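Please read the structure below before turning to the comments.
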Amino acid sequence: TVNAVAGVDEAVEHANASRYALGAAVFCGSGRTGAAIAARLRAGAVSVNSVLGFAAVPALPFGGSKDSGFGRIHGEEGLRAFTSVQSVTVQRFAPAIALTSFAVPAATRERAVRLARALHRRR
Numbered sequence: 001t002v003n004a005v006a007g008v009d010e011a012v013e014h015a016n017a018s019r020y021a022l023g024a025a026v027f028c029g030s031g032r033t034g035a036a037i038a039a040r041l042r043a044g045a046v047s048v049n050s051v052l053g054f055a056a057v058p059a060l061p062f063g064g065s066k067d068s069g070f071g072r073i074h075g076e077e078g079l080r081a082f083t084s085v086q087s088v089t090v091q092r093f094a095p096a097i098a099l100t101s102f103a104v105p106a107a108t109r110e111r112a113v114r115l116a117r118a119l120h121r122r123r
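In our numbering, the protein residues as written are 1 to 123.
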């Protein structure tokens, strides 16, 4: 949709007020100015001085925000949409002191205090 506006601020406000935000285009004389305006837009992708420049780069994620789209396709973000993050740690050696025990023997407590003092002493 093309709308007449009084200036950049009104254009950004109008674009961001839409419930749809798949893509946007900014046309201006300077790429730097266009990029600054694009950074203010809440859209899945923005092309500067082009209509669908972002669609021509397969490595870029493609998808909308707000009520547009259903996630991301293409690029690293598109792959992440099909993943589930999981952290796994494996204990490789037993620590010198029992770190996860509620009942701490006096000797262990004294070793922990000495270790903390040695590690954090003023130099």
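All residues carry an ideal CB built from backbone N, CA and C; glycine is no exception.
In this text the structure is predicted, and so the values were computed from the model without any measurement.
If we ignore side chains and look at the alpha-carbon of each, how far apart do residue i and residue j end up?
i, j, result
"Val-57", "Ala-6", "33 Å"
"Val-8", "Asn-49", "15 Å"
"Ala-17", "Ser-68", "13 Å"
"Ala-43", "Leu-52", "13 Å"
"Ala-35", "Leu-79", "26 Å"
"Tyr-20", "Gly-75", "22 Å"
"Phe-93", "Pro-61", "42 Å"
"Ala-15", "Ala-118", "59 Å"
"Thr-33", "Lys-66", "25 Å"
"Val-26", "Ala-116", "57 Å"
"Glu-77", "Ala-59", "9 Å"
Taking Cβ to Cβ, would you say residue i is nearer than 8 Å to residue j?
i, j, result
"Ala-55", "Val-46", "no"
For residue i, which residues in the same chain have their Cβ closer than 8 Å to its Cβ, ignoring the five residues on either side in sequence?
i, result
"Ala-103", "none"
For residue i, does the count of other Cβ atoms within 10 angstroms reach 16, so buried, or fall short, so exposed?
i, result
"Ala-24", "buried"
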